[in-house]
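Report on the following structure.
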Amino acid sequence: GELVGLAGPSGSGKSTLLHLLAALETPDTGNVAITGMNTSSMGERGRTAIRRDHVGLVFQRFHLLPSLTALQNVALPMIEQGSGKRERRRRAQSLLEDVGLGDRLSHRPAALSGGEQQRVAVARALGGDPDLVIADEPTGELDSTASEVVLDLLADVAGDHAV
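140 is the number of the first residue of the sequence shown in this note's numbering; add one for each residue after it.
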């Protein structure tokens with residue numbers, strides 16, 4: 140796997156490119172392929188399946204479900220993949236511990252700081268064991284220590300996946 144960064148000035152299209160790579164949007168021209176499948180010609184159902192089965196996403200805005208705990212938010216992608224309840228809990232807890240939130244498992248997003256919410260979002264992106272992780276400013280809300288934890292975690296994942 141590789142860890143690839145994308146840099147550019149504000150408004151240069153970085154987020155748009157990430158949305159194309161994540162099959163959230165389709166290009167006006169050309170093709171985008173994920174795991175060898177052309178997402179440009181797929182309908183929304185096909186692109187949703189690609190995201191569910193192959194892509195982990197970390198957005199600038201965390202998109203955590205406010206009614207779920209940190210543990211439940213991280214376990215959510217695993218439900219769609221058919222993982223059992225015990226395995227979901229074990230993996231979600233392990234990922235939250237990896238990002239330094241092992242003591243915040245039962246907290247809902249409103250009870251977490253912005254940096255903690257971002258770390259939950261990173262753990263959730265890794266929860267479904269994706270082939271590709273796309274992170275749009277994954278450390279934007281974090282202090283330097285938490286940023287280092289998240290970047291190290293993404294680098295570790297890159298050993299097995301494309302990030």
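Beta carbons: idealized from backbone N, C-alpha and C, even for Gly.
Checklist entry - Which parts of the region 185-271 are runs of the beta strand (DSSP E), unbroken and 3 residues or longer, counting only runs that do not cross its ends? => result 194-197
Next on the checklist: Rounded to the nearest angstrom, what separates L204 and G150 at their Cα positions?
Outcome noted: 28 Å
Next on the checklist: Could you tell me the alpha carbon to alpha carbon distance between V261 and E280, rounded to whole angstroms?
Outcome noted: 12 Å
Checklist entry - If you check the beta carbons only, do A209 and V259 fall under 8 Å apart? => result yes
Item to check | Residues bridged to A172 (per DSSP) | outcome: N177
Checklist entry - Per DSSP, A274 is paired with what? => result V197
Next on the checklist: Assuming T155 is part of the alpha helix (DSSP H), what are its boundary residues?
Outcome noted: K153 to L160
Checklist entry - Are the region 223-243 and the region 278-294 touching by the rule of at least three beta carbon pairs closer than 8 Å? => result yes
Item to check | Close-in-space but distant-in-sequence residues of the same chain around E255 (CB under 7 Å, 5 per side omitted) | outcome: L240 and R243
Item to check | Cβ-based neighbour list, A264, same chain, cut-off 6 Å, excluding 5 preceding and 5 following | outcome: G195, L196, V197 and V272
Checklist entry - Which residue from S206, R227, P216 and S283 puts its Cα closest to that of R191? => result P216
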